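For the sequence shown, this note's numbering gives the first residue as 8, with consecutive numbering after it.
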Amino acid sequence: MTELARQAASGLDTDGGHGGQSVLDRLVALLDLERIEENIYRGVSPPHSPTRVFGGQVAGQSLVAAGRTVPPERGVHSLHAYFIRPGDPKVPIVYEVDRIRDGRSFTTRRVVAIQHGKAIFSLSASFQLTEQGAEHAEDMPDVPAPETLPTLSERTAEYADRLGLRSQPRPIDIRYVTEPPWQTRGNPQRPSRNQVWMRADGTLPDDRLLHVCVLTYASDMTLLDSVLASHGVYWDLDRVIGASLDHALWFHRPFRADEWLLYDSASPTASGGRGLATGRFFSRSGQHIATVVQEGLIRLPDHPA
């Protein structure tokens, strides 16, 4: 990362909660890792998080590190990751890439993110040359167009201070289709489905890997909300102890992360202090472009089973 990029990334916490192209450019700078040695990269964090690095950030940066060691004609088709320790946003993260295999059609990489000499995150990613094959997909849910829905600022107006949103930058534009979970608190009978439109809030360069990494970053947003919706609680408004434990993504078809994508998520089960969430991304034209599965630590001290 150049010094200019470093300054831009550090500015992610100084825009008073605004979005737009300037904030998106800083996210792009955040994903522009510094190469410090063969197979070793370094990234920084915007210091807007007082306690831990955002999971989507470390996942996106890990995928950047993996992708930097793969020929550009091979696109990532899946990743599987574990969140091992909370990341410190005040300390740079070192990403070590292990070149597991370079096959005729597939390439496999493993990345370990390190702080203070310890692993905080691990990721395995598989890349593939484009091939032709069988095609089928589920239909996209019938939902209102994103332009007809309130912005996130409008949705959170009376909750912004309690949710800590006023000071947070928003490089991802999010529009809720279903009722936001903070507005349905106390209603545990609500179906555990969460639907949002989202897109990068600006224009991204024509870099396929970058679009995949931005979607990886965004995929950690709103996903575990579907678990909380099943119990009528929400982060910061109720006593919720939560964290991402693992994360898996499969990319099915080409897309642009700066165009509207429907993120349709649900929670099929929760037990043992953990909640499972599944998500599907659809393009505006109805193509199923990606699938997400995540398990998270979910403890509800005031809501025993």
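A virtual CB, placed ideally from N, CA and C, is assigned to each residue, including glycine.
Model, not experiment: these values are computed from the prediction.
| Item | Value |
| --- | --- |
| Under 9 Å between C-beta atoms of V150 and Q190 | no |
| Where V101 falls, given that 16 or more other Cβ within 10 Å makes a residue buried | buried |
| Range covered by the beta strand (DSSP E) that runs through E161 | From DSSP, E161 is part of no beta strand (DSSP E) but of the alpha helix (DSSP H) over 159-162. |
| Residue of G293, D208, E80, C220 minimising C-alpha distance to L31 | D208 |
| Which of helix, strand or coil DSSP assigns to R59 | coil |
| Residue burial classification, P188 (beta-carbon count within 10 angstroms, cutoff 16) | buried |
| Three-state secondary structure assigned by DSSP to D146 | coil |
| Inter-residue spacing [alpha-carbon to alpha-carbon] between A230 and Q301 | The residue asked about is misnamed: residue 230 is Leu in this sequence, not Ala. Roughly 8 Å between the two C-alpha positions. |
| Limits of the unbroken beta strand (DSSP E) element including A36 | Run containing A36: none in the beta strand (DSSP E); it sits in the alpha helix (DSSP H), 28-37. |
| Local conformation of Q190 per DSSP, three classes | helix |
| Presumed contact (8 Å Cβ cut-off) between S133 and A88, rounded CB distance | Not really, about 12 Å apart at Cβ, beyond 8 Å. |
| Span of the beta strand (DSSP E), counted from its first residue to its last, around V83 | 81-90 |
| Cα-Cα separation between A72 and V65, rounded to whole angstroms | 10 Å |
| Rounded distance between the beta-carbons of H84 and F258, thought under 8 Å | 5 Å |
| Cross-strand partners of T114 (DSSP beta bridge) | D109, F134 |
| Through-space distance from S274 to A164, alpha-carbon basis | 27 Å |
| Inter-residue Cα distance where the pair is Y48 and L235 | 36 Å |
| Best match in T58, G50, E44 for proximity to Q68 [C-alpha to C-alpha] | G50 |
| Contact the segment 276-296 vs the segment 176-184: 3+ CB pairs below 8 Å | no |
| Within 9 Å, strictly: CB atoms of S1 and L304 | Because the chain in this structure spans residues 8 to 312, residue 1 falls outside the shown range and cannot be described. |
| Buried versus exposed call for H218 [16 or more other C-beta atoms within 10 Å across all chains shown] | buried |
| Limits of the alpha helix (DSSP H) - the one that D232 falls within | 232-236 |
| Boundaries of the beta strand (DSSP E) in which R42 is found, first to last residue | 41-44 |
| Run of the alpha helix (DSSP H) containing A250, from where it starts to where it stops | Careful: A250 lies outside any alpha helix (DSSP H), inside the beta strand (DSSP E) at 248-258. |
| Beta-ladder partner(s) of T276, from DSSP | L283 |
| C-alpha gap between S29 and V221, whole angstroms | 15 Å |
| Sequence-distant residues of its chain with Cβ nearer than 7 Å to V119 (five each side left out) | E103, A126, S129 |
| Which of helix, strand or coil DSSP assigns to T223 | helix |
| Nearest to D214 (by Cα), restricted to the options G26, L38, G27 | L38 |
| Bridge-paired residues (DSSP) for W204 | R182, L269 |
| Distance, L283 Cα to L70 Cα | 23 Å |
| Buried or exposed (CB count within 10 angstroms, at least 16 for buried), H143 | exposed |
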